[in-house]
Amino acid sequence: MTTVDTPASAPPATGAEGRPGTGDRAPRREWGVVNVFSHGFLLIWALLTTLPLLWVFISSFKSDGEILSDPWGLPGALRFENWARAWTEARIGQYFLNSAIVVAGSLTLTMLFGATAAYVFARYEFRFRQVFYYLFVGGMMFPVFLALVPLFFVVRNAGLFNHWVGLILVYAAYSLPFTVFFLSAFFRTLPTSVAEAALIDGCGHFRLFFRVMLPMARPGLVSVGIFNFLSQWNQFILPQVLMQGDESKWVLAQGLAALAVSQGYQGDFSGLFAGLTLGMLPVLAVYVLFQRQIQSGLTAGQLK
Amino acid sequence: MKHGKYPLIITFLVPPLLLYGIFVLSPYLQAFQISTTNWLGYSASADYVGLENFGNLLRDGALWNAVRNNAILLVLLPVLTIGLGLFFASMLNMGGRRGTAGVVGVRGSGAYKLVYFFPQVLSVVIIALLWKEVYHPNNGLLNATLRGIGLPAPTWLGDPRTAFWAVLAVMIWSNVGFYVVLFGAAMQAIPKDIYEAVMLDGASRWTTLTRVTIPLLWDTVQVAWIYLAIAALDGFILIQQMTDGGPNHSSDVIGLRMYNTAFGSETKFGYASAIGVVMFFLTLSVAVLALRASRRDRIEYS
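This is how it looks when you write it as structure tokens:
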């Protein structure tokens with residue numbers, strides 16, 4: 003049986019000889035015609051997806067004059083100074099670092115709290131377990147808009163408004179429902195015999211979790227970690243409400259939105275394209291490197 | 424083994440519960456309470472006004488306009504995204520059948536899957552800003568192309584007749600790739616002998632897709648439907664960044680109404696929270712309805 007990645011599917015006109023029992027010729031010719039069509043459609047969508055990204059990338063090297071006069075044209079030179087301008091003047095570099103700091107904190111917290119809570123829900127019996135579980139997981143269904151106004155005051159009253167710590171705690175809190183839902187399902191699939199054996203051997207409950215269960219749950223942790231990383235890295239509404247004042251603390255998405263606004267006044271098209279490119283490239287590069295893990299990480303939760 | 428599961432349960436459960444309670448549960452509960460007040464802004468007092476805000480919602484033309492746009496999204500976004508997703512997924516995963524039965528990818532399906540997924544990893548803000556430039560009336564990629572082949576070049580986001588549809592197209596564009604991969608994974612899980620049997624019966628490609636593949640994918644389609652329906656009730660970031668609801672409110676959505684009511688020029692927190700409560704019940708009922716409407720017997724492959 004051929005698998006997906008095998009490039010053995012040559013054009014059907016030449017193949018298919020010597021295969022007994024595959025029917026008469028007519029259906030095979032139909033498949034051939036369809037194949038040309040299917041490649042056509044697939045190619046069109048591939049172009050639709052890549053062309054806008056490629057266009058932004060190419061435009062980031064153009065001068066403003068080139069961008070205005072000929073959108074399809076190629077840049078006359080590789081003007082990396084556009085990138086430098088976006089990186090320093092529009093502070094994309096600073097915002098990049100800010101996003102990295104916030105997400106490093108929030109992702110750690112999300113994974114720690116998500117894994118511990120999910121483990122307890124999956125593996126221990128206690129009073130009101132179901133109530134707590136549904137309380138947690140129910141949060142997946144709420145639209146974040148409803149919480150925005152009170153959340154603003156909760157964060158401000160806690161003295162965390164315009165602070166990264168506030169953003170870190172809030173990101174983690176809003177990532178918990180899905181994380182707990184996903185990981186508790188995962189912990190339930192792990193064999194109980196290993197845990198029982200470890201307990202009989204005198205392993206404590208804490209040691210059991212950190213030394214046995216957590217390593218066994220690694221595939222699940224990776225999937226949900228990727229999911230949380232991307233959603234926290236791309237978060238926009240929460241920082242827009244909770245990080246309004248101090249420009250130097252903004253995250254990347256805020257910085258890009260602000261760059262687009264200021265570009266509108268100054269007409270610095272090349273700076274905007276360079277900023278967008280700087281925002282896209284790292285994420286796309288990481289995605290291309292870890293395509294399989296990222297695709298399965300993002301789709302795994304939906305298939306549960 | 425006896426010595427204490429409770430220390431672990433408490434240390435593992437209490438910190439996440441506190442974090443979740445403070446930053447998620449309590450804001451949601453407070454929002455319901457705020458929605459029954461006339462709270463205006465940061466220092467003004469908040470008086471209990473009962474359901475007055477909700478009564479005003481019913482007469483709020485701008486809100487109804489936004490609700491109508493979300494309703495259109497609710498119908499079109501899932502239908503078009505799932506339709507395109509299934510179409511491309513079946514092309515990718517079953518297009519390369521050459522006498523062999525089963526799920527066989529077309530040549531280069533790996534590359535297609537890589538590329539189709541691009542929008543999914545990008546931030547919505549980047550997608551919005553990128554497409555705003557593509558739609559730019561003078562130096563955008565789209566109009567440059569249209570002019571190049573001698574077609575008229577509309578102003579897209581600047582025209583009330585086209586702005587909303589232009590944003591809808593971007594929503595579909597950014598979602599299709601994810602569902603191609605999702606449906607593709609589900610198609611790979613369908614046992615090959617089912618397709619062998621279908622092949623032997625001489626079924627056409629179309630029959631195979633509509634009578635065999637899609638019914639077997641129904642669970643996944645249902646999940647996709649719910650996610651897309653919830654996404655259709657949102658649309659906030661794309662709209663805010665691309666059109667800010669304009670021109671002339673033609674592309675307004677409920678989320679943007681709520682955001683501008685709360686954090687715009689006037690800070691009507693009470694009224695904004697009432698809009699939020701409406702969004703909450705809309706989302707909840709859409710999810711429940713989608714679950715109900717698409718309920719079928721679960722298929723398990725033994």
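As you go down the protein sequences, you meet chains A and B in turn.
Mapping of the first sequence onto my numbering: residues 3 to 306, in sequence order.
Mapping of the second sequence onto my numbering: residues 424 to 725, in sequence order.
Glycine is no exception: its CB is placed at the ideal position from the N, C-alpha and C atoms.
(1) Please state the DSSP three-state secondary structure of Thr631/B.
(2) Which residue comes first and which comes last in the alpha helix (DSSP H) that contains Arg93/A?
(3) Count the other CB atoms within 10 Å of the CB of Thr460/B; is the residue buried (16 or more) or exposed (fewer)?
(4) Report yes or no: is there a C-beta of chain B within less than 8 Å of the C-beta of Ala255/A?
(5) Are the CB atoms of Phe183/A and Met218/A nearer to each other than 8 Å?
(6) Please compile the residues from chain B whose C-beta is within a distance smaller than 9 Å of the C-beta of Phe144/A.
(7) Here's a check: name, in chain order, each residue in its chain whose Cβ is nearer than 7 Å to the Cβ of Gln543/B, leaving out the five neighbours to either side.
(8) Counting Cβ pairs, one atom from each stretch, are 3 or more of them under 8 Å apart for the segment 507-518 of chain B and the segment 667-687 of chain B?
(9) Using the beta-carbon count (16 or more within 10 Å), is Val104/A buried or exposed?
(10) Would you kindly work out how many angstroms separate the C-alpha atoms of Asn683/B and Ile595/B, rounded to a whole number?
(11) Whose Cβ in chain A lies nearer than 9 Å to the Cβ of Leu656/B?
(12) Looking at the secondary structure, which residues open and close the alpha helix (DSSP H) in which Pro152/A lies?
(13) Interface residues of chain A around Ala710/B at Cβ under 9 Å?
(14) Terminal residues of the continuous alpha helix (DSSP H) containing Thr181/A?
(15) In chain order, what residues of the segment 538-557 of chain B put their CB closer than 8 Å to some CB of chain A?
(16) Taking the alpha carbon of Ile505/B as the point to measure from, which residue in Gly464/B, Ala608/B, Ala647/B, Ser627/B has its own alpha carbon closest?
(17) Let me make sure I understand the geometry here. Which of Trp588/B, Leu564/B, Ser696/B, Ile572/B has the alpha-carbon closest to that of Gly69/A?
(18) Closer than 7 Å, Cβ to Cβ, to anything on chain A: give me those residues from the segment 454-480 of chain B, in chain order.
(19) How would you list, in chain order, the residues of chain B whose beta-carbon sits under 7 Å from the beta-carbon of Tyr121/A?
(20) Let me confirm a value: Gly227/A is counted as buried when at least 16 other C-beta atoms fall within 10 Å, else exposed. Which label applies?
(21) Could you list which residues in chain B have their beta carbon closer than 9 Å to that of Phe130/A, in chain order?
(22) Among the candidates His41/A, Ser61/A, Asp72/A, Ala160/A, whose CA atom is the shortest distance from the CA of Asn561/B?
(23) Scan the segment 209-230 of chain A for residues whose Cβ lies nearer than 9 Å to a Cβ of chain B and list them as they occur along the chain.
(24) Applying the criterion that 16 or more other CB atoms from any shown protein chain within 10 Å of the CB defines a buried residue, is Glu556/B buried or exposed?
(25) Can you list the residues of chain A that Leu569/B reaches, using a CB-CB cut of under 9 Å?
(26) By alpha-carbon positions, which one of Ala276/A, Val288/A, Val139/A, Leu286/A ends up nearest to Arg87/A?
(27) Which chain A residues are close to Gly699/B, counting only those with a beta carbon under 9 Å from its beta carbon?
(28) Leu109/A and Phe231/A look like a contact to me (Cβ under 8 Å); what is the Cβ gap, rounded to whole Å?
(29) Using a C-beta to C-beta distance shorter than 7 Å, which residues of chain A count as neighbours of Tyr694/B?
(30) Would you say Val490/B lies against chain A (beta-carbon separation less than 8 Å)?
(31) Taking just the CA atoms, how far does Asn236/A sit from Glu83/A?
(32) Should Tyr535/B be flagged as near chain A, meaning a C-beta pair shorter than 8 Å?
(33) So for Tyr289/A, helix, strand or coil by DSSP?
(34) Helix, strand or coil for Tyr694/B? Go by DSSP, reduced to three states.
(35) If distances are taken between C-alpha atoms only, which option among Arg482/B, Asn488/B, Ala485/B, Ile457/B comes closest to Gly473/B?
(36) For a cutoff of 8 Å on Cβ pairs, would you count Phe188/A as touching chain B?
This is what the structure holds:
(1) Here residue 631/B is taken as the residue at index 208 of the second sequence, counted from 1. DSSP places Thr631/B in helix when its eight states are reduced to three.
(2) As a working note, residue 93/A is residue 91 in the first sequence. Run containing Arg93/A: none; DSSP gives neither H nor E here.
(3) In the second sequence, the residue the question calls residue 460/B occupies position 37. So Thr460/B ends up on the buried side.
(4) Start at 1 with the first residue of the first sequence, and residue 255/A comes out as number 253. Yes, because at least one Cβ of chain B sits closer than 8 Å to the Cβ of Ala255/A.
(5) On the first sequence, position 181 is the one that residue 183/A refers to. On the first sequence, position 216 is the one that residue 218/A refers to. No, these two residues do not count as a Cβ contact at 8 Å.
(6) Locating residue 144/A in the first sequence gives position 142, counting from the first residue. The contacting residues are Val447, Tyr451, Phe703, Thr706, Leu707.
(7) Counting from one through the second sequence, the residue named residue 543/B turns up at place 120. Gly600, Phe601.
(8) no
(9) Locating residue 104/A in the first sequence gives position 102, counting from the first residue. Buried.
(10) Within the second sequence, the letter at position 260 stands for residue 683/B. Within the second sequence, the letter at position 172 stands for residue 595/B. For Asn683/B and Ile595/B, the distance between alpha carbons rounds to 25 Å.
(11) Position 233 of the second sequence holds residue 656/B. Going along chain A in sequence order, the residues near Leu656/B (Cβ under 9 Å) are Pro145.
(12) As a first step, residue 152/A must be located in the first sequence, where it is residue number 150. That run of the alpha helix (DSSP H) goes 146-159.
(13) Here residue 710/B refers to the residue found at position 287 when the second sequence is read from its first residue. Neighbours of Ala710/B on chain A, chain order: Met143.
(14) Within the first sequence, numbered from 1, the residue matching residue 181/A stands at position 179. Segment 166-191, the alpha helix (DSSP H) holding Thr181/A.
(15) Val538, Tyr539, Phe540, Phe541, Pro542, Gln543, Val544, Leu545, Ser546, Val547, Val548, Ile549, Leu552, Leu553, Trp554, Lys555, Glu556, Val557
(16) For this step, residue 505/B is matched to residue 82 along the second sequence. Out of Gly464/B, Ala608/B, Ala647/B, Ser627/B, Ala647/B has the C-alpha closest to the C-alpha of Ile505/B.
(17) As a working mapping, residue 69/A is identified with position 67 in the first sequence. Rather than Gly, the amino acid found at residue 69/A in this sequence is Ile. If we check each option's Cα against that of Ile69/A, Leu564/B comes out closest.
(18) Ala454, Ile457
(19) Counting from 1 along the first sequence, the entry for residue 121/A is found at position 119. By Cβ distance, chain B contributes Phe435.
(20) Counting from one through the first sequence, the residue named residue 227/A turns up at place 225. By the 10 Å Cβ count, Gly227/A comes out buried.
(21) As a position in the first sequence, residue 130/A is number 128, starting the count at 1. Those do not exist, as Phe130/A stays about 11 Å from chain B at its closest Cβ, beyond 9 Å.
(22) For this step, residue 561/B is matched to residue 138 along the second sequence. For the residues His41/A, Ser61/A, Asp72/A, Ala160/A, the minimum Cα distance to Asn561/B belongs to Asp72/A.
(23) Leu210, Phe211
(24) For the purposes of this step, residue 556/B is taken as residue 133 along the second sequence, with counting starting at 1. Classification for Glu556/B: buried.
(25) By 1-based counting over the second sequence, the position of residue 569/B is 146. Going along chain A, no residue has its Cβ under 9 Å from Leu569/B, so there is no contact; the nearest lies around 11 Å.
(26) As a position in the first sequence, residue 87/A is number 85, starting the count at 1. Comparing Cα-Cα distances from Arg87/A to each of Ala276/A, Val288/A, Val139/A, Leu286/A, the minimum goes to Ala276/A.
(27) The residue you call residue 699/B lines up with position 276 of the second sequence. In chain order: Pro145, Phe147, Leu148, Ala149, Leu150, Val151.
(28) Numbered from 1 along the first sequence, position 107 holds the residue referred to as residue 109/A. Numbered from 1 along the first sequence, position 229 holds the residue referred to as residue 231/A. Their Cβ separation, rounded to whole angstroms, is 6 Å, which keeps Leu109/A and Phe231/A in contact under 8 Å.
(29) For the purposes of this step, residue 694/B is taken as residue 271 along the second sequence, with counting starting at 1. Within 7 Å Cβ-Cβ: nothing; Tyr694/B doesn't reach chain A, min ~10 Å.
(30) Counting from 1 along the second sequence, the entry for residue 490/B is found at position 67. Taking Cβ atoms only, chain A never reaches closer than 8 Å to Val490/B, which makes this a no.
(31) In the first sequence, residue 83/A corresponds to position 81, counting from 1. In the first sequence, residue 236/A corresponds to position 234, counting from 1. Each residue's alpha carbon lies about 26 Å from the other.
(32) Looking up residue 535/B in the second sequence gives position 112. So yes, Tyr535/B belongs to the interface.
(33) The residue given as residue 289/A occupies position 287 in the first sequence. Note: Tyr289/A maps to helix in three-state DSSP.
(34) Residue numbering aside, residue 694/B sits at position 271 when the second sequence is read from its first letter. Note: Tyr694/B maps to helix in three-state DSSP.
(35) By 1-based counting over the second sequence, the position of residue 473/B is 50. For the residues Arg482/B, Asn488/B, Ala485/B, Ile457/B, the minimum Cα distance to Gly473/B belongs to Ile457/B.
(36) Within the first sequence, the letter at position 186 stands for residue 188/A. Not an interface residue.
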